[in-house]
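Using full-length UniProt numbering, read the sequence shown as starting at 1 and increasing by one per residue.
Ideal Cβ positions, reconstructed from N, Cα and C, are used throughout, including at glycine.
Given the structure is predicted, the values throughout are model-derived calculations rather than measurements.
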Amino acid sequence: MDTTSNWIEIQGGDGRFDAYLALPRGGRGPGIVLLQEIFGVNSHIRNVADQYAADGYVVLAPDLFWRQGARIELGYDDADWQRAVELKNATDVALAQQDIGHTVRALRALPGVQGKVGAIGYCFGGLLAYHAAANGQVDVATAYYGGGIQNQLARAAQVRVPLQLHFGALDAHIPADAVARIATAFDDNDAVEIHVYDQAQHGFNCNHRASYQQRAAAQAHGNTLLFLGEHL
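Structure, rendered in structure tokens:
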């Protein structure tokens, strides 16, 4: 990919934390805050950051587990899954939202960022992208298989920015009735669009997982680029 990447440091409210920065060719473009799965800013998330940088965006992926250890990076075997769940359960979601706010400010301050800033999140990061939209921290948000959004629908009325949600029809973690409840909560919000991909499971975008489905990942990436292109 024709991109440049490195880690930078961000000043948070209660300490400093790292974030992975991926720049497009020429170093300039709209900004994206990329929000990790429960596995940290691992090679998959860095690859996604590089991908969107190649698409023309300045991408910043904050290390949201920094309070438990800097740059924790996990894979997808059973032991790492167990550790990832422990890290997620130990993470204060309110503090993570504060970290996202600091990341957005740091991204907007970069000389190469032109125009608006969006958020894209995966799994746990998908839930956080939803919160970022409800908090008004970003100008647009996209959430891939955001676990737990169905339990946070009291915030639906607070979403006043364009929001795009991606789900797999075979996601055992986010069943069809949960997606239906989410859709109902946004019935009257024309700025929210929901995509459900046939034969796709949880994590369908991650080519490091057995659940990866290339067709769904390609469709979702295309839908995301169209959405971002319209709103950023």
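query	result
Beta-carbon proximity of residue 182 to residue 150, cut-off 8 Å	yes
Within 8 Å, strictly: CB atoms of residue 74 and residue 39	yes
Residue burial classification, residue 8 (beta-carbon count within 10 angstroms, cutoff 16)	exposed
Rounded straight-line distance, which links the Cα of residue 135 to that of residue 47	27 Å
Distance CB(residue 165)-CB(residue 191) smaller than 8 Å	no
Buried or exposed (CB count within 10 angstroms, at least 16 for buried), residue 43	exposed
Contact between the stretch 196 to 205 and the stretch 214 to 231 (3+ Cβ pairs under 8 Å)	yes
Distance between residue 184 and residue 51 (C-alpha atoms, nearest Å)	32 Å
Contiguous alpha helix (DSSP H) assignments of at least 4 residues, all confined to the stretch 71 to 104	78 to 89
Reduced DSSP secondary structure (H/G/I, E/B, other) of residue 3	coil
Three CB pairs or more closer than 8 Å across the stretch 56 to 75 and the stretch 20 to 37	yes
Proximity below 8 Å, CB of residue 238 to CB of residue 169	Since the displayed the chain opens at 1 and closes at 232, residue 238 lies outside it and no answer follows.
Local conformation of residue 119 per DSSP, three classes	strand
Beta bridge counterpart(s) of residue 164 as assigned by DSSP	142, 193
Three-state secondary structure assigned by DSSP to residue 228	helix
Residue 177 to residue 128 span [Cα, whole Å]	21 Å
Candidates 90, 120, 109, 58, of which the one nearest residue 10 by Cα	109
Of the residues 141, 173, 4, 82, the one placed nearest residue 116, counting alpha carbons only	141
Secondary structure, beta strand (DSSP E): runs of 3+ residues fully inside the stretch 43 to 72	58 to 62
Buried versus exposed call for residue 226 [16 or more other C-beta atoms within 10 Å across all chains shown]	exposed
Option nearest residue 27 by Cα separation, candidates 200, 41, 6	6
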